[in-house]
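Visitor:
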Amino acid sequence: FHSNITLILQRNAKRKGGRTMSDATSNPNVEDGMKSNLTTHINLKKVKMFDHISQLPDCILSYILTKLSMKDLLKTSILSKRWCNLWALRRDLYFDVFNVFENNEEELLQKGYLFDIPSAHCFIILERSINLELSLDEFVRWVDQFLKHSNATVIDSFLVNFYLNSQQQTTIDNWISLVIKRGIQRIDLLFKGSPYGRCDRPRKYYKFSFNLFLESNASTLKHLSLECCIISIPPNCNFIPFKI
Amino acid sequence: MAEEVSSQMNSLSISETNPSSSATISLVSGDDIVFKVEPTIAKEMETVQSFIDETDGKITTIPLPNISSHDLPYVIEYCEKSIAGKITKEFEAEFVKKLNNEEVKELFLAANYLNIKKLLDFLSQVIADRIANKSVEYVRRYFGIENDFTPEEEAKLREELAWTFTGVDPDDEDEN
Numbered sequence: 001f002h003s004n005i006t007l008i009l010q011r012n013a014k015r016k017g018g019r020t021m022s023d024a025t026s027n028p029n030v031e032d033g034m035k036s037n038l039t040t041h042i043n044l045k046k047v048k049m050f051d052h053i054s055q056l057p058d059c060i061l062s063y064i065l066t067k068l069s070m071k072d073l074l075k076t077s078i079l080s081k082r083w084c085n086l087w088a089l090r091r092d093l094y095f096d097v098f099n100v101f102e103n104n105e106e107e108l109l110q111k112g113y114l115f116d117i118p119s120a121h122c123f124i125i126l127e128r129s130i131n132l133e134l135s136l137d138e139f140v141r142w143v144d145q146f147l148k149h150s151n152a153t154v155i156d157s158f159l160v161n162f163y164l165n166s167q168q169q170t171t172i173d174n175w176i177s178l179v180i181k182r183g184i185q186r187i188d189l190l191f192k193g194s195p196y197g198r199c200d201r202p203r204k205y206y207k208f209s210f211n212l213f214l215e216s217n218a219s220t221l222k223h224l225s226l227e228c229c230i231i232s233i234p235p236n237c238n239f240i241p242f243k244i
Numbered sequence: 001m002a003e004e005v006s007s008q009m010n011s012l013s014i015s016e017t018n019p020s021s022s023a024t025i026s027l028v029s030g031d032d033i034v035f036k037v038e039p040t041i042a043k044e045m046e047t048v049q050s051f052i053d054e055t056d057g058k059i060t061t062i063p064l065p066n067i068s069s070h071d072l073p074y075v076i077e078y079c080e081k082s083i084a085g086k087i088t089k090e091f092e093a094e095f096v097k098k099l100n101n102e103e104v105k106e107l108f109l110a111a112n113y114l115n116i117k118k119l120l121d122f123l124s125q126v127i128a129d130r131i132a133n134k135s136v137e138y139v140r141r142y143f144g145i146e147n148d149f150t151p152e153e154e155a156k157l158r159e160e161l162a163w164t165f166t167g168v169d170p171d172d173e174d175e176n
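Okay, structure coming up:
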């Protein structure tokens, strides 16, 4: 098709040239006109049309990568050698039941990740809740594996929406330490697990410690959103992990 | 479907290139159909606009040899809605319904070629939805990716990532 573009443009240029030629004597800008025709010609050639999505440059493919669920994103790593590292371009990580298990409620119910249980407030009302026995360990392992496999050099945002608590303290601390090292700007730890959280069980909240930021000299954090967490500020420390 | 497209084309008026009507921009599809559009539409297409700018608006007929007269009306429709500020969830849902997998791919390539950021972004989501939960083989076919792993390398990778391969949907073979 390259030759195609050239042909059509030449045709245009000729027509254009023909017209301007007659004005040539009176119009001192003709040379400029010709020049711009030439640059246009070159520029349109620079724009390449691809036959397959796989031929597109990384920056265009990253548009698609940012729209995939975490599960589908990870799967792209075995498409081919080029794609093996492409998923590292994804800078916003988002983990919830839909991104990790199944992308719709029906399937989540079918596979037992969700079930309907009597409400803690009124037992005749059924509430759709997360089946922790089945999903908690798998979810934590999933996020853990994902981060271990990720060779992303930069992670902008990290969101976890799941019913997590102090039992996962060490694991979550490791996640946070890792994303801090990748220049994290936005952290959302939504451990209420909306809309499927369990309010029927007493639990100890995860402790989000500002200590985690002390390792890195300069924090890049701009946004911190915590749900069902305790913030722990180390004594004698006036350090606040936000970029000012 | 065919009727819909042709009626769209009628409303866009197919005509011979007319150099005197400088107000409108003529986009010429690969199969030589001319689509007359308002300059505001051309502005949405960065590739076309920079072409016009560089010639100081002297050239108003733009050949788009890579885009067919089947795909171009969709692109124009999207741009029209976009400048009218009428890109709603409903419009997008209706728009997507009309497109088969092949058309989605072609439009994505066209949006990239014309450099229309909004359309590219929107179609990225459509593609992501269409490959959601599909097998690796299906995605390879869809993207036109040649598998350059040896069977051993692939088996090893699959083993490493076994924890993520639960519940893959059956491939829809109708479009491949």
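Residue numbers (full-length UniProt numbering), protein chains in the order written: chain A, 1 to 244; chain B, 1 to 176. All residues carry an ideal CB built from backbone N, CA and C; glycine is no exception.
Pick out whichever of A:Ser-232, A:Ile-240, A:Asn-85 has its Cα sitting closest to the Cα of Gln-169 of chain A.
Guide: Comparing Cα positions, the closest option is A:Ser-232.
Visitor: Output needed in chain order: residues of the region 119-141 of chain B with a Cβ under 7 Å from some Cβ in chain A.
Guide: Per Cβ criterion, the list reads Leu-120, Asp-121, Ser-124, Gln-125, Ile-127, Ala-128, Ile-131, Ala-132, Asn-133, Val-136, Val-139, Arg-140.
Visitor: Output needed in chain order: residues of the region 82-103 of chain B with a Cβ under 8 Å from some Cβ in chain A.
Guide: Residues: none.
Visitor: Under three-state DSSP, which class holds Asp-188 of chain A?
Guide: It is a strand residue.
Visitor: Compute the Euclidean distance between the alpha carbons of Asp-71 of chain B and Phe-158 of chain A, then round it to the nearest angstrom.
Guide: Asp-71 of chain B and Phe-158 of chain A: Cα-Cα distance of roughly 38 Å.
Visitor: Does Tyr-78 of chain B come within less than 7 Å of chain A when only Cβ atoms are used?
Guide: Taking Cβ atoms only, chain A never reaches closer than 7 Å to Tyr-78 of chain B, which makes this a no.
Visitor: I'd like to know if Leu-109 of chain B contacts chain A, where contact means its C-beta is closer than 7 Å to some C-beta of that chain.
Guide: It does: the Cβ of Leu-109 of chain B has a partner Cβ on chain A nearer than 7 Å.
Visitor: Less than 7 Å between the beta carbons of Phe-143 of chain B and Ile-53 of chain A, yes or no?
Guide: It is a contact, given that the beta carbons lie within the stated cut-off.
Visitor: Measure the C-alpha to C-alpha separation of Leu-120 of chain B and Pro-63 of chain B and round it to an integer number of angstroms.
Guide: The straight-line gap from Cα to Cα measures roughly 21 Å.
Visitor: So that I know if they touch, is there some Cβ in chain A lying closer than 7 Å to that of Gly-144 of chain B?
Guide: True, the Cβ-Cβ gap to chain A drops below 7 Å.
Visitor: For Lys-111 of chain A and Asn-165 of chain A, I'd like the C-alpha separation in whole angstroms.
Guide: C-alpha separation (whole angstroms): 24 Å.
Visitor: How would you list, in chain order, the residues of chain A whose beta-carbon sits under 9 Å from the beta-carbon of Leu-161 of chain B?
Guide: Within chain A, the residues near Leu-161 of chain B are Leu-74, Lys-75, Ser-77, Ile-78, Gln-145, His-149.
Visitor: Rounding to the nearest angstrom, what Cα-Cα distance links Val-104 of chain B and Phe-165 of chain B in this structure?
Guide: Roughly 26 Å separates the two Cα atoms.
Visitor: Give the straight-line distance between the Cα atoms of Lys-89 of chain B and Phe-122 of chain B, rounded to the nearest whole angstrom.
Guide: Roughly 11 Å separates the two Cα atoms.
Visitor: In angstroms, rounded to a whole number, what distance separates the CA positions of Lys-43 of chain B and Gln-49 of chain B?
Guide: Going from the Cα of Lys-43 of chain B to the Cα of Gln-49 of chain B covers about 5 Å.
Visitor: Judging by CA-CA distance, which residue of B:Cys-79, B:Thr-55, B:Glu-137, B:Asn-66 is the nearest neighbour of Val-28 of chain B?
Guide: The residue with the shortest Cα to Cα distance from Val-28 of chain B is B:Asn-66.
Visitor: Using the Cβ count rule (16 or more neighbours within 10 Å means buried), how would you classify Arg-90 of chain A?
Guide: That one is buried.
Visitor: With 7 Å as the threshold, decide whether the Cβ of Asp-148 of chain B is near any Cβ in chain A.
Guide: Asp-148 of chain B counts as touching chain A.
Visitor: Report the rounded CA-to-CA distance for Ser-225 of chain A versus Glu-215 of chain A, giving the unit in angstroms.
Guide: One C-alpha to the other measures close to 21 Å.
Visitor: Counting C-beta neighbours from all protein chains within 10 Å, is the total for Cys-229 of chain A 16 or more, i.e. buried, or is it exposed?
Guide: Buried is the call here.
Visitor: With DSSP run on the structure shown, which of helix, strand or coil describes Arg-158 of chain B?
Guide: Three-state DSSP puts Arg-158 of chain B in a helix.
Visitor: Taking Ile-180 of chain A as part of the beta strand (DSSP E), name the residues at either end of that continuous run.
Guide: Where Ile-180 of chain A is concerned, there is no enclosing beta strand (DSSP E), although the alpha helix (DSSP H) it sits in stretches over 169-181.
Visitor: Which residue wins for smallest C-alpha separation from Thr-40 of chain B, given the options B:Thr-55, B:Asp-31, B:Thr-61, B:Thr-24?
Guide: Cα-wise, what sits closest to Thr-40 of chain B is B:Thr-24.
Visitor: Where does the unbroken alpha helix (DSSP H) through Pro-39 of chain B begin, and where does it stop?
Guide: That run of the alpha helix (DSSP H) goes 39-44.
Visitor: I'd like to know whether the C-beta atoms of Ser-80 of chain A and Trp-87 of chain A end up nearer to each other than 7 Å.
Guide: Cβ atoms of Ser-80 of chain A and Trp-87 of chain A: not closer than 7 Å.
Visitor: Report yes if the CB atom of Leu-114 of chain B is closer than 7 Å to the CB atom of Tyr-74 of chain B, and no otherwise.
Guide: No, these two residues do not count as a Cβ contact at 7 Å.
Visitor: Look at Lys-204 of chain A and Ala-128 of chain B and say whether their C-beta atoms are less than 7 Å apart.
Guide: Not in contact: Lys-204 of chain A and Ala-128 of chain B (Cβ atoms no closer than 7 Å).
Visitor: To which residues of the same chain is Trp-142 of chain A closer than 6 Å at the C-beta, ignoring the five residues directly before and after it?
Guide: Excluding sequence neighbours, Trp-142 of chain A sits near Val-100.
Visitor: For Gly-193 of chain A and Leu-93 of chain A, what's the separation of their Cα atoms in angstroms?
Guide: Rounded to whole angstroms, Gly-193 of chain A to Leu-93 of chain A spans 16 Å at the Cα level.
Visitor: Which whole-angstrom value is the C-beta distance of Arg-128 of chain A and Leu-114 of chain A, which I expect to be below 8 Å?
Guide: About 6 Å separates the two Cβ atoms, so the contact holds.
Visitor: Just to confirm, are Arg-198 of chain A and Val-154 of chain A a CB contact at a threshold of 7 Å?
Guide: Not closer than 7 Å, so no.
Visitor: Mind checking Lys-134 of chain B: buried by the 16 CB within 10 Å criterion, or exposed?
Guide: It is buried - the Cβ of Lys-134 of chain B has at least 16 other Cβ atoms within 10 Å.
Visitor: What distance in whole Å lies between the Cβ atoms of Leu-221 of chain A and Ile-184 of chain A, which are believed to be in contact at a cut-off of 8 Å?
Guide: Sure, about 6 Å apart at Cβ, within 8 Å.
Visitor: Report the rounded CA-to-CA distance for Trp-83 of chain A versus Met-70 of chain A, giving the unit in angstroms.
Guide: Near 15 Å, if we compare the C-alpha coordinates of Met-70 of chain A and Trp-83 of chain A.
Visitor: Grab the span of the beta strand (DSSP E) containing Cys-229 of chain A for me, first residue to last.
Guide: Where Cys-229 of chain A is concerned, the enclosing beta strand (DSSP E) stretches over 229-232.
Visitor: What did DSSP end up calling Ser-135 of chain B once you bin it into helix, strand or coil?
Guide: Note: Ser-135 of chain B maps to coil in three-state DSSP.
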